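With my numbering, letter number 115 in the sequence shown gets 107, and the count goes up by one each step, no holes.
C-beta atoms are modelled at their ideal positions from N, C-alpha and C, and glycine is treated no differently.
As the structure is a prediction and not an experimental result, all values here were calculated from the model.
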Amino acid sequence: MKAASLRPLRLASALLMAALVSYAGAVPAQLHVIPDDDPDLARGWAAYQASDTKAAFGYFLRAAERNDRVAQFNLAVMLISGDGVAADPARGLTWLRRAADNGLARAQYSLGVLTEQGRLLPRSLADATGWYERAARQGWREAQLAVATQYYLGRGAPRDYATAAYWYEQAAGQGDTGAAYILASMYEHGDGVPQDAGRALRWYVEASAGGEPAARIKAEEMRARQRQ
């Protein structure tokens, strides 16, 4: 059996830290736009695009009070960031939580980030992991990467390489090159998954195609070993 203490050394630590950085700064910064039947949400978005933030806020508020989760998220963004309205982070957090409780993955992920950073909320790695998992289960790629890294490092969750590999594979399947590189390394060395050179090569190639130069080198090394 491989010593658990050696496993982290096998992965590219720079890639793993890049994964942390990629989601650590992702606080709500943009309005969320998805197809929605609420006419006030549509009017709010049109007003926002026309730089009429006062009207946009009013439309979003009406839709949010009818429990439209996208409008709730958009109110949260405007209030937390002071985008066109007086900043009111406490009120913004209330709307953000309502959107998250109503199942909006982006709101769940945003609460995870804020909770992990201790920004506007008490810092709790365990609570952050919980929010990331809720968003990850809905297919939010950034949350899948975040929760994978939490389980890989044992941050706010038990260290669990198998669970980490599962979520890295979900994120990699949606085109995250960092996740693809880490997953390839896990398959190459059998960390949390059965050792599988074919799958390792596949994910190194995927990461290389996405612009990760280290993955190209690893893929070439694996192909050279296979030819020997």
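Quick one: is Asn66 near chain B, going by C-beta distance under 8 Å?
-> No chain B appears in this structure, which consists of one protein chain only.
By a C-beta neighbour count over all protein chains shown, 10 Å radius and 16 as the cutoff for buried, is Ala55 buried or exposed?
-> In the sequence shown, residue 55 corresponds to position 63, counting from 1. So Ala55 counts as buried.
In the structure shown, what three-state DSSP assignment does Ser5 receive?
-> The count along the sequence shown starts at 1 and reaches residue 5 at position 13. Reliability fails at Ser5, whose pLDDT of 37 lies under 50, so the model's placement of it is uncertain and the value that follows must be treated cautiously. Three-state result, Ser5: helix.
Using a Cβ-Cβ cut-off of 8 Å (strictly less than) and excluding sequence neighbours within five positions of Phe49, which residues of its own chain qualify?
-> Taking the sequence shown and counting its residues from 1, the one referred to as residue 49 is at position 57. If we look at Phe49 and ignore the five residues flanking it on each side, its Cβ neighbours are Gly36, Leu67, Met70, Gly76, Val77.
What does a CB cutoff of less than 6 Å around Gln136 pick up in its chain, not counting 5 residues either side in sequence?
-> On the sequence shown, position 144 is the one that residue 136 refers to. Around Gln136: Ala128, Trp159, Gln162, Ala163.
Would you please state the rounded distance, in angstroms, between the beta carbons of Ala157 and Gln130? I believe it to be under 8 Å.
-> Indexing the sequence shown from 1 puts residue 157 at position 165. Indexing the sequence shown from 1 puts residue 130 at position 138. Contact flag wrong, Cβ pair sits at about 20 Å.
Should Gly104 be labelled buried (16 or more other beta-carbon atoms within 10 Å of its own) or exposed?
-> In the sequence shown, residue 104 corresponds to position 112, counting from 1. Per the 10 Å Cβ criterion, buried.
For Trp159, which three-state DSSP category applies?
-> For the purposes of this step, residue 159 is taken as the residue at position 167 of the sequence shown. In this structure, Trp159 counts as helix in the three-state DSSP scheme.
For the putative contact between Leu88 and Ser102, defined by C-beta atoms under 8 Å, what is the C-beta separation to the nearest angstrom?
-> Here residue 88 is taken as the residue at index 96 of the sequence shown, counted from 1. Here residue 102 is taken as the residue at index 110 of the sequence shown, counted from 1. Going by Cβ atoms, the distance from Leu88 to Ser102 rounds to 6 Å, so yes, they are a contact pair.
Residue nearest to Ile209 in terms of C-alpha spacing, selected from Trp123, Tyr173, Gly122 = Taking the sequence shown and counting its residues from 1, one reaches residue 209 at position 217. That would be Tyr173, whose Cα lies nearest to the Cα of Ile209.
Just mark Ala39 as buried or exposed, buried being the case when its beta carbon has 16 or more other beta carbons within 10 Å.
-> Taking the sequence shown and counting its residues from 1, the one referred to as residue 39 is at position 47. Result: buried.
When burial is assigned at 16 or more other CB atoms within 10 Å of the CB, is Ala79 buried or exposed?
-> Walking along the sequence shown from the start, residue 79 turns up at place 87. Ala79 is exposed by the Cβ-count criterion.
Minimum C-alpha distance to Gly84 - residue among Gly95, Leu113, Tyr153, Ala211 = Reading the sequence shown from its first residue, position 92 is the one you call residue 84. Nearest of Gly95, Leu113, Tyr153, Ala211 to Gly84, Cα basis: Leu113.
Taking C-alpha atoms, which residue in Met214, Asn94, Val139 lies nearest to Val197?
-> Translated into the one-based positions of the sequence shown, residue 197 becomes position 205. Ranking the options by Cα distance to Val197, first place goes to Met214.
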